[in-house]
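In the numbering used here, each residue's number is its place in the sequence shown (first place is 1) plus 5.
Here is the structure we will look at.
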Amino acid sequence: MIEKRGRRYRVRVWHRSRIVATRSFERRGDAVAWEREQQQLILMGDFVSPSAGRVSVADVAKGFLEVRRGQVSVRAWESDESALRVHILPVFGQRSTGSVNRLQVERFLADLASSRSIGTAARVRTTLRGLFDYAVRARVIRDSPAAAVRMPRPDAPSAGAEVRPFTLDELLALVDEHRELAGDLADVTLILGLTGLRFGELRGLRVRDVTRVPYPALVVSRSLPQSGRTGKVIERSTTKSGRSRVVPLLSLALPAVEARAATREPDDLLFPAPHGGYLHAQNWRRDVHWNATAAGRRPHDLRHTAASLWIAAGVDIKTIASWLGHSSTKLTLDTYGHLMGTDADRAAIERVNRAFTSQTRPKMGQGIDLGGSL
């Protein structure tokens, strides 16, 4: 039924003797088209009442997790629960489900890929798709705003923050500065920069995770991330990849780890907070004055530092991927490929350097004989 009220046309859609949808339009033609569309959806069984979309995303998420608990593995359920709690609900939780559109989802994922990583954004997108697909099946919304959302390419500028590793000299200077400011908390800076551990993995290390067979190393078998909304540490029994790994302790890192292990029991945390309990990343950053001392870099660049040092030392890419806990060597290459020179690059550079050191500096316009083409 269409009624003209002032300069607008109000549509009321009836189904089974009750009004199931209303909407106003400035033009009668638009009102007629919308009414026909809703009636067609009712006939096809695809109609969703607009009022249903007023349910909050947080309420839909509760039902989604309840249904998923019996449908998927524990690991998959924990992944969805974590993505919702840490990333999705802080942004969309209080919004009505029907108000979320595709553009908002794309911007959210792009921001996540830039601030965290393309892998994190991809995992969160999977959960978003499942959440809104559930809302469609539950007749809360008609179409999913996440169904056709694409992720930026891993090598696109917006796909992730810039990789800015420290050099070894820069790292050691930073550690010295942090030791003056925060004492033993400088060990955190050193270990993150030489092992490539994620902060949640370092937080979860216990003394028993230090091994000396077949070489000094850390056994990384768990990660304890923090909730983005409350800051509470989330206790888990697995790492981000779901697999344990062994990360070698270089000679520069070993003394700090051994000193900590020597004064603690096997089940004690290796890197506790100064007053006990779990170490929080924001407290460590505050105590070491990270923003004032790190020359614009992020704490995650300490992980990149470890990878860049291994690359410079000639460690093969498969081993680096294993030490970092990457799911594939492709991910490692996508992230650090630009830091790797080829044998041809090195040979060419050596020839150029030899040419410059074996000849006097040329005058303007005079070429240098490089001993053949490169």
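Glycine included, C-beta positions come from ideal geometry on N, C-alpha and C.
N- and C-terminal bounds of the beta strand (DSSP E) containing Leu-223: One-based indexing of the sequence shown puts residue 223 at position 218. For Leu-223, the enclosing beta strand (DSSP E) starts and ends at 222-225.
Limits of the alpha helix (DSSP H) - the one that Glu-111 falls within: Within the sequence shown, numbered from 1, the residue matching residue 111 stands at position 106. Residues 107-120.
Through-space distance from Phe-30 to Val-168, alpha-carbon basis: Taking the sequence shown and counting its residues from 1, one reaches residue 168 at position 163. Taking the sequence shown and counting its residues from 1, one reaches residue 30 at position 25. For Val-168 and Phe-30, the distance between alpha carbons rounds to 51 Å.
Cβ-based neighbour list, Pro-159, same chain, cut-off 7 Å, excluding 5 preceding and 5 following: Sequence index remark: in the sequence shown, residue 159 carries index 154 (1-based). Any reading at Pro-159 needs caution, since the residue's pLDDT is 48, under 50, leaving its predicted position unreliable; the model's value is listed next. These residues qualify, in order along the chain: Ile-123, Asp-339.
Rounded C-alpha distance that separates Gly-205 from Asp-272: Taking the sequence shown and counting its residues from 1, the one referred to as residue 205 is at position 200. Taking the sequence shown and counting its residues from 1, the one referred to as residue 272 is at position 267. Between Gly-205 and Asp-272, the C-alpha separation is close to 17 Å.
Length-filtered (4 minimum) alpha helix (DSSP H) runs lying within the region 295-323: Runs of the alpha helix (DSSP H) inside the region 295-323: 295-298, 306-317.
Beta-carbon proximity check, Ala-311 vs Leu-199, cutoff 7 Å: Sequence index remark: in the sequence shown, residue 311 carries index 306 (1-based). Sequence index remark: in the sequence shown, residue 199 carries index 194 (1-based). Taking 7 Å as the cut-off, the beta carbon of Ala-311 is found closer than this to the beta carbon of Leu-199.
Cβ contact check for the region 133-140 and the region 56-73: 3 or more pairs under 8 Å: Taking a contact to require three or more Cβ pairs closer than 8 Å, the region 133-140 and the region 56-73 qualify as touching.
Cα-Cα separation between Asp-192 and Arg-213, rounded to whole angstroms: Counting from 1 along the sequence shown, the entry for residue 192 is found at position 187. Counting from 1 along the sequence shown, the entry for residue 213 is found at position 208. Each residue's alpha carbon lies about 18 Å from the other.
Where the alpha helix (DSSP H) through Pro-95 begins and ends: Here residue 95 corresponds to residue number 90 of the sequence shown, with the count starting at 1. Boundaries of the alpha helix (DSSP H) harbouring Pro-95: 94-97, taken from the DSSP string.
In DSSP terms, what Leu-179 is bridged to: In the sequence shown, the residue the question calls residue 179 occupies position 174. DSSP lists no partner for Leu-179.
Beta-carbon proximity list for Ala-278, same chain, < 8 Å, skipping 5 on both sides: Within the sequence shown, residue 278 is the residue found at index 273, counting from 1. Listed in chain order, the non-local C-beta contacts of Ala-278 below 8 Å within the same chain comprise Leu-284, His-285, Asn-288, local neighbours out to five positions each way being set aside.
Extent of the continuous alpha helix (DSSP H) run through Val-251: One-based indexing of the sequence shown puts residue 251 at position 246. Unbroken run through Val-251 is the beta strand (DSSP E), 250-253; no alpha helix (DSSP H).
Residue range of the beta strand (DSSP E) that includes Glu-8: The sequence position of residue 8 within the sequence shown is 3, counting from 1. Going by DSSP, Glu-8 is part of the beta strand (DSSP E) stretching over 7-10.
Rounded straight-line distance, which links the Cα of Val-60 to that of Val-262: Indexing the sequence shown from 1 puts residue 262 at position 257. Indexing the sequence shown from 1 puts residue 60 at position 55. Per the coordinates, the alpha-carbon of Val-262 lies some 51 Å from the alpha-carbon of Val-60.
Cβ contact (3+ pairs, closer than 8 Å) linking the region 168-185 and the region 296-314: As far as the Cβ criterion goes, the region 168-185 touches the region 296-314, which means the pair count is three or higher.
Cβ-heavy atom distance, Arg-121 to the ligand GTP, below 6 Å: Among the ligands in the structure shown, none appear at all, so the ligand GTP cannot be discussed.
Distance, Val-320 Cα to Ala-1 Cα: Outside the displayed range of the chain (6 to 379) lies residue 1, so it cannot be described from this structure.
6 Å Cβ shell around Arg-265 - same chain, five flanking residues per side excluded: For the purposes of this step, residue 265 is identified with residue 260 of the sequence shown, where counting begins at 1. Excluding sequence positions up to five before and after Arg-265, its CB lies within less than 6 Å of the CB of Leu-275, all in the same chain and listed in chain order.
Contact set for Arg-184: own chain, Cβ-Cβ below 7 Å, skip 5 residues either direction: As a position in the sequence shown, residue 184 is number 179, starting the count at 1. Ala-191, listed in sequence order.
Closest residue to Leu-223 among Ala-258, Pro-230, Asp-189, Ser-84 (Cα-Cα distance): Taking the sequence shown and counting its residues from 1, the one referred to as residue 223 is at position 218. Selected option, being the one with the closest Cα: Ala-258.
Pairwise C-alpha distance: Met-6 and Glu-40: Here residue 40 is taken as the residue at index 35 of the sequence shown, counted from 1. Here residue 6 is taken as the residue at index 1 of the sequence shown, counted from 1. Cα-Cα distance, rounded: 8 Å.
Pairwise C-alpha distance: Ala-187 and Ser-332: On the sequence shown, position 327 is the one that residue 332 refers to. On the sequence shown, position 182 is the one that residue 187 refers to. If I take the Cα positions, the gap works out to 35 Å.
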